[in-house]
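J.: Here's a structure for you.
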Amino acid sequence: MKKSLVAFLLIFVLIATGCVNTKSSVNEEKKNDGQTSASKPVIEILGSSTGESDINILRDQLVKNGFDVKLNIQPDYASFKAQQDAGNFDVALSSWTTVTGNPDYAVRSLFKTGGDYSILADDEIDKLIDEASTESAEEYTETYKQLEQRLVFDKAYIAPLYISLKAQGVNKDILNPDTVRLAKSRAIAWETIDFNDTSNRDTDPLIVQQAISTLTSLDPIKGNDGSINTLNTNMYVRLINLTDDDDITSEGSLSHNFSIADGNSEYYFLLRDDINFAKITDKNAVDSGERVGADDVIFSLNRAKDQNSVPDHRTYSLHEHIKTVEVVTDLDELNIKQAGSESTVKDALEKDLNNKISQLVADKTEANNNQGKYQVVKVTTTEPFPQVLNYLAHQSAGIVSKKQVESINTYDVESFDVNKDIPYGDQNTVTEGDKYNNTLYASGPYILSYKNDYEAIFLKNPVYQKGTDFEPKISTIKVRFIADPDSALSSLRNGEIHIFNGVPETKYNVVEDDSKLTLQRKESNGVTYLLFNTKNRDVATSDDLRKAVLYSINQEDFIEYYQGNKVKAVSTVSPLVNTGNELIADSNKVKEFLQNYNEAK
Numbered sequence: 027m028k029k030s031l032v033a034f035l036l037i038f039v040l041i042a043t044g045c046v047n048t049k050s051s052v053n054e055e056k057k058n059d060g061q062t063s064a065s066k067p068v069i070e071i072l073g074s075s076t077g078e079s080d081i082n083i084l085r086d087q088l089v090k091n092g093f094d095v096k097l098n099i100q101p102d103y104a105s106f107k108a109q110q111d112a113g114n115f116d117v118a119l120s121s122w123t124t125v126t127g128n129p130d131y132a133v134r135s136l137f138k139t140g141g142d143y144s145i146l147a148d149d150e151i152d153k154l155i156d157e158a159s160t161e162s163a164e165e166y167t168e169t170y171k172q173l174e175q176r177l178v179f180d181k182a183y184i185a186p187l188y189i190s191l192k193a194q195g196v197n198k199d200i201l202n203p204d205t206v207r208l209a210k211s212r213a214i215a216w217e218t219i220d221f222n223d224t225s226n227r228d229t230d231p232l233i234v235q236q237a238i239s240t241l242t243s244l245d246p247i248k249g250n251d252g253s254i255n256t257l258n259t260n261m262y263v264r265l266i267n268l269t270d271d272d273d274i275t276s277e278g279s280l281s282h283n284f285s286i287a288d289g290n291s292e293y294y295f296l297l298r299d300d301i302n303f304a305k306i307t308d309k310n311a312v313d314s315g316e317r318v319g320a321d322d323v324i325f326s327l328n329r330a331k332d333q334n335s336v337p338d339h340r341t342y343s344l345h346e347h348i349k350t351v352e353v354v355t356d357l358d359e360l361n362i363k364q365a366g367s368e369s370t371v372k373d374a375l376e377k378d379l380n381n382k383i384s385q386l387v388a389d390k391t392e393a394n395n396n397q398g399k400y401q402v403v404k405v406t407t408t409e410p411f412p413q414v415l416n417y418l419a420h421q422s423a424g425i426v427s428k429k430q431v432e433s434i435n436t437y438d439v440e441s442f443d444v445n446k447d448i449p450y451g452d453q454n455t456v457t458e459g460d461k462y463n464n465t466l467y468a469s470g471p472y473i474l475s476y477k478n479d480y481e482a483i484f485l486k487n488p489v490y491q492k493g494t495d496f497e498p499k500i501s502t503i504k505v506r507f508i509a510d511p512d513s514a515l516s517s518l519r520n521g522e523i524h525i526f527n528g529v530p531e532t533k534y535n536v537v538e539d540d541s542k543l544t545l546q547r548k549e550s551n552g553v554t555y556l557l558f559n560t561k562n563r564d565v566a567t568s569d570d571l572r573k574a575v576l577y578s579i580n581q582e583d584f585i586e587y588y589q590g591n592k593v594k595a596v597s598t599v600s601p602l603v604n605t606g607n608e609l610i611a612d613s614n615k616v617k618e619f620l621q622n623y624n625e626a627k
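In structure tokens form, the structure reads like this:
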């Protein structure tokens, strides 16, 4: 009886306090032109714990504009991806960094039907992506503007939040900051870095840091991740490079010059003759005696574009537009017109050369640039595709030794046994211990001598562009493995490392307030945006609902939160192409699109 009475009183209290709306509570729920909570669209935001600040800002903006918001915050990326694959979201907090510096890479995998990361299927977007890929930089701005118009404003498949900055701290008491480069796309180049006291070049090491100690592979085509991007970039020379602002350049590359023939399908590269492969003997870097030449370029690019050239090939999709690679021996072939010019390919290749081209040779040992004897490599693409140059500047297009790689990779690819076969570039061959057997041949400015769990030791290639501005300045580089950013920053401040590439935005002031440090920063190619679900949710079928979310976003709130260390974005192309488009938050448009959405239900 006592229990029954208590239950009755509890029910009465619940009814009195929670189940009956008072006039004031009803009025509180009536917002946004009389819209009640029951009629508000619910938007589920999916993200990971690292993006919680962004998610909170988004939630406040959406609530303010008439939405109910449900948060789905996962503890790590794996959990986030599982939720995304299961479709448990309306919008997913996403990001993309264009590491090759070209806009095709910024859209093809993400938004083209069937792309590696695409959940879209829009014929008009497919058409614009393919059209822009065939155009030169002077031509494609309008095409990417149309692409953004369709992707963001007409269909609202994504909603942009911001562009991030890229920053690194440098010990200016030890290093000359003017020699330390910070690039938008490419990994940091070591060869130009120098001490304030240049007499220390051969006695003191340059000490840098990276988070990951387990290396995917020292074979450049077998990895494209944070464990090896910087290392392989500095171990293998490429036909061309990116400047720090993502322009194509021959500086610091295997080529004196390059040229695109009329039609944008044939690309010519005039090779240098002052780079030899380095190798390791008794943990010292020595000249292998083998020059880097056209046969190595042909071998490297053919295996780069072939998905089946090595087991676990991870970068072939970057080079799928390469059709053929060949050495040119007929000097008359260079007299064709170059793209966008009345001058010839030969004119472009000879620009600023002290010794003009008098002969083309097939054998790299016969090349002698001082005598006018050169090698020219021709790359032909499957279709007109000027952006192939950006992919040739990527670390996966690093030039390996044909002779050395073929002597190491003697296994059959189809029957490769991971427990028995040791491929070229396996990190076990450079790790201290019983399995150490360094068989690397490096065409770049540095070669990895050995590593352990604590650090990796790189040594200067003794035959790399000697006497030029790109001959490596410092003889030894130590890469310390420090996973935690706070620990890395502490090591920088304590003088244990000289450069920390990747200073968190919340710690910029710590570096700036330290008298012995300098902070280098610039706009990156990293864009954070919302990706809308395309299946089994209202946002998948209603353009109006997606647009209502789009125009609820005020990018100024994010910029203010990050103390000005973010930049406005429109799409993943924004850091690369100035289309003139801009997203401006507009509550009136939100109301209009929500009204359209409700009327259509």
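If you read the sequence shown in the numbering used here, its first letter stands for residue 27, the second for the next number, and so on.
The beta carbon of each residue, even a glycine, is placed where N, CA and C say it ideally should be.
By alpha-carbon positions, which one of Ile69, Ala626 and Pro449 ends up nearest to Leu97?
T.: It is Ile69 whose Cα lies nearest to the Cα of Leu97.
J.: Looking at the unbroken beta strand (DSSP E) that takes in Thr502, where does it start and where does it end?
T.: Thr502 to Phe507
J.: So, Ala182 versus Arg563, is the Cβ gap smaller than 7 Å?
T.: no
J.: Does at least one heavy atom of the ligand SAM sit under 6 Å from the Cβ of Ile155?
T.: Looking for the ligand SAM in the displayed structure turns up nothing, as the structure carries no ligands at all.
J.: State yes or no: is the C-beta of Phe295 within less than 7 Å of the C-beta of Phe303?
T.: With respect to the 7 Å criterion, Phe295 and Phe303 are not classified as neighbours on the basis of their beta carbons.
J.: On the DSSP bridge assignment, give the partners of Asn395 in chain order.
T.: DSSP lists no partner for Asn395.
J.: Can the beta-carbon of Leu518 be found less than 7 Å from the beta-carbon of Gly92?
T.: no
J.: Tell me where the alpha helix (DSSP H) around Asp180 begins and ends.
T.: It is not in any alpha helix (DSSP H) - Asp180 carries neither H nor E in the DSSP assignment.
J.: For Ala330 versus His347, is the C-beta distance shorter than 7 Å?
T.: no
J.: Does Thr494 pass the burial test, meaning 16 or more other C-beta atoms within 10 Å, or should it be called exposed?
T.: exposed
J.: Going by DSSP in three states, Val414 sits in which element: helix, strand or coil?
T.: helix
J.: Just list the residues that DSSP pairs Asp94 with in beta bridges.
T.: Answer is Val68, bridged to Asp94.
J.: Residues in the same chain with beta-carbon distance under 7 Å from Leu136, minus the five sequence neighbours each way, listed in chain order, please.
T.: Trp122, Tyr143, Ser144 and Thr598
J.: What separation, rounded to the nearest whole angstrom, lies between the Cα atoms of Leu609 and Lys533?
T.: 29 Å
J.: When the distance is taken between beta carbons, is Val353 closer than 7 Å to Ser469?
T.: no
J.: Any idea which residues DSSP pairs Glu13 with across the strands?
T.: Absent from the model: residue 13. The displayed extent of the chain is 27 to 627, so no value can be given.
J.: For Glu168, tell me which candidate among Thr605, Phe619, Tyr623 and Ala626 has the shortest Cα-Cα distance.
T.: The option with the nearest alpha carbon to Glu168 is Thr605.
J.: Do you know how far the Cα of Lys66 is from the Cα of Asn624?
T.: As the crow flies, the alpha-carbon of Asn624 is around 9 Å from that of Lys66.
J.: Counting along the chain, where does the alpha helix (DSSP H) carrying Asp313 start and finish?
T.: Boundaries for Asp313: no alpha helix (DSSP H) harbours it, while the beta strand (DSSP E) harbouring it runs Asn310 to Arg317, taken from the DSSP string.
J.: Output the residue ranges of the beta strand (DSSP E) runs that lie fully inside the segment 104 to 136 and measure 3 residues or longer, sorted by chain position.
T.: 117 to 123
J.: Could you please give the first and the last residue of the uninterrupted beta strand (DSSP E) stretch that includes Ala482?
T.: Glu481 to Lys486
J.: Within 10 angstroms of the Cβ of Ala112, are there 16 or more other Cβ atoms? Answer buried if so, exposed if not.
T.: exposed
J.: Pair every Cβ in the segment 153 to 165 with every Cβ in the segment 399 to 414, then say whether three or more of these pairs are closer than 8 Å.
T.: yes
J.: Count the other CB atoms within 10 Å of the CB of Gln589; is the residue buried (16 or more) or exposed (fewer)?
T.: The residue is exposed, with fewer than 16 neighbouring Cβ atoms inside 10 Å.
J.: Helix, strand or coil: which one does DSSP assign to Thr350?
T.: strand
J.: Measuring only the C-alpha atoms, how far is Asn380 from Asn396?
T.: The alpha-carbon atoms of Asn380 and Asn396 are separated by roughly 8 Å.
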